Every structure is written in structure tokens, then in C-alpha cells.
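Asks: In the numbering used here, the protein residues as written are 18 to 230.
1. Going by beta carbon distance, what residues of the same chain come within less than 6 angstroms of residue 47, once the five residues before and after it are set aside?
2. Where does residue 60 land, buried or exposed, given buried means 16+ other C-beta within 10 angstroms?
3. Taking buried to mean at least 16 other C-beta atoms within 10 Å of its own C-beta, is residue 49 buried or exposed?
4. Tell me the rounded alpha-carbon separation between residue 194 and residue 124.
5. Can you give me the Cβ contacts of residue 22 inside the same chain, cut-off strictly under 8 angstroms, excluding the 5 residues immediately before and after it?
6. Between which two residues does the alpha helix (DSSP H) harbouring residue 49 extend?
7. Give the secondary structure of residue 98 by DSSP, where H, G and I count as helix, E and B as strand, and everything else as coil.
8. Report yes or no: do the segment 137-150 and the segment 80-94 share at least 3 C-beta pairs separated by less than 8 angstroms?
9. What's the gap between the Cα of residue 264 and the Cα of residue 134?
10. Determine the direct distance from the alpha carbon of residue 105 to that of residue 36, and round the result to whole angstroms.
11. Going by alpha carbons, who is nearest to residue 42 out of 150, 184 and 188?
12. Please list, in chain order, all residues of the same chain as residue 114 whose beta carbon is under 6 angstroms from its beta carbon, the five residues on each side excluded.
13. With three or more beta-carbon pairs closer than 8 angstroms as the criterion, would you say the segment 183-191 touches the segment 51-59?
14. Among 147, 45 and 179, which one has its Cα closest to the Cα of residue 88?
15. Could you give the uninterrupted runs of the alpha helix (DSSP H) lying entirely in the segment 57-97, keeping only those of 4 residues or more?
16. Less than 8 angstroms between the CB atoms is what I'm expecting for residue 205 and residue 109, so what's the real figure, rounded?
17. What does the alpha-carbon distance come out to for the pair residue 63 and residue 74?
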């Protein structure tokens, strides 16, 4: 009709899908938290044949938690000079070696204090490793999409903390070492969020941010 302006059809809204590096970050984040989530059940199952009391597993949890608190700040400060992805791989590798030690010591029936020491070594790098893993996310998504990514990560964290104890209990019904080896395998959160090591060290990024302020 005359005098009426035809309205152009609305353009379809494009839905952004997570890219490959971000999906790999989510996978790494989920597997990274498996040892902490499964530890209360797994450590109790490990402690039972060694001490005769499943409650002794609380000593392993205490050692891991205290070591994590004590090691977070100094290891993070030391790692500020390195690129976060290679550092993250080293920290997770050290934690994996400690978990392997726990599984081997438990299988050999070693003295319980040695197993507790292994739990402390596993927890020593947890805080710094988590900080580096979280810092990588800032380079994978723009600031406007960061809250959504953090929401997905929080949901994934809840799923892991609910399912990991169930998995540890199921495997532990066959063998306490099976639960320990599950922590080793699933906890190897290989940081493959970015191929290569192009992220600058934390100290360099802090200097750039201060210069832009």
C-alpha cells in the first residue's frame, strides 16, 4: 500500500559456540578438581587397610589442605616469571607424581606417615596450579563473556564434586588402590587449552596492565 514502508526481515541471531581452546579449558578444569573431590573417600579407603581405621584418612586430607594453604602464595610468586601454561603443566605433573606415590605406597603397605607425606606433596602445588589454570581463562574469552564462562565452570565444578566421590567409592569397593589410581588418571588435567606457550608471564602482564592504567 502507498504510504507504508516495507519492513526488512530481521537478521537471524548468530549464537556463538565455545571454541576449541575454551572447550579444552573446561575439560582441563573439570579433571583438575577430581583429586580434591575424590580425596575424602579415596583417602579413607587407603587408610583403612594401613591403620585399621578409615577415619585416619582425615589426616591425609588435613595434610593436603595445610600444604595447599602454605604453598599457594610462595609458589605463585615464584611462578610469576614463567608463562602460565608450561608452569601449569609442571605443577600438575608434580601433583600427579605425588598421587602415583600415594597409590604405590598404599599398594606396598608402606608406613602410614609416608602416605600422609605424599598427600602433603600432592596438595602443595594445588593452589598455585588452580591460579594458573584460572589465569589462562582470561586469554580465552573476552571480558564480556567471562561471567558466562565462569558460570559454566562453577556448574562443572559442582558436577565433579558430586560424581567423583561416587566413582571413588565404586572403585574402592574392588580395591583401595583402584580409587587412588583413578585420582591419578583423571587428575592429570593436561593443560591443552592453548597449543604452544604464547601467553606472557604473569609479571609481564601485570606490568602492561599497570602501564595502561
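Quick reminder that beta carbons are idealized off the backbone N, C-alpha and C, glycines included.
The model shown is predicted, which means the values in this text are computed figures rather than measured ones.
Replies: Reading from the atomic positions:
1. The answer, listed in chain order, is 173 and 177.
2. buried
3. buried
4. 6 angstroms
5. Any reading at residue 22 needs caution, since the residue's pLDDT is 49, under 50, leaving its predicted position unreliable; the model's value is listed next. Sequence-distant Cβ neighbours of residue 22 in its own chain, meaning closer than 8 angstroms and more than five residues away, do not exist here.
6. 37-49
7. Coil, per DSSP.
8. yes
9. Lying before the first or after the last residue shown, residue 264 is absent from the chain, which here runs from 18 to 230.
10. 21 angstroms
11. 150
12. Excluding residues within five positions, none has a Cβ falling inside 6 angstroms.
13. The segment 183-191 makes contact with the segment 51-59, as at least three CB pairs between them are under 8 angstroms.
14. 147
15. 74-96
16. 7 angstroms
17. 7 angstroms
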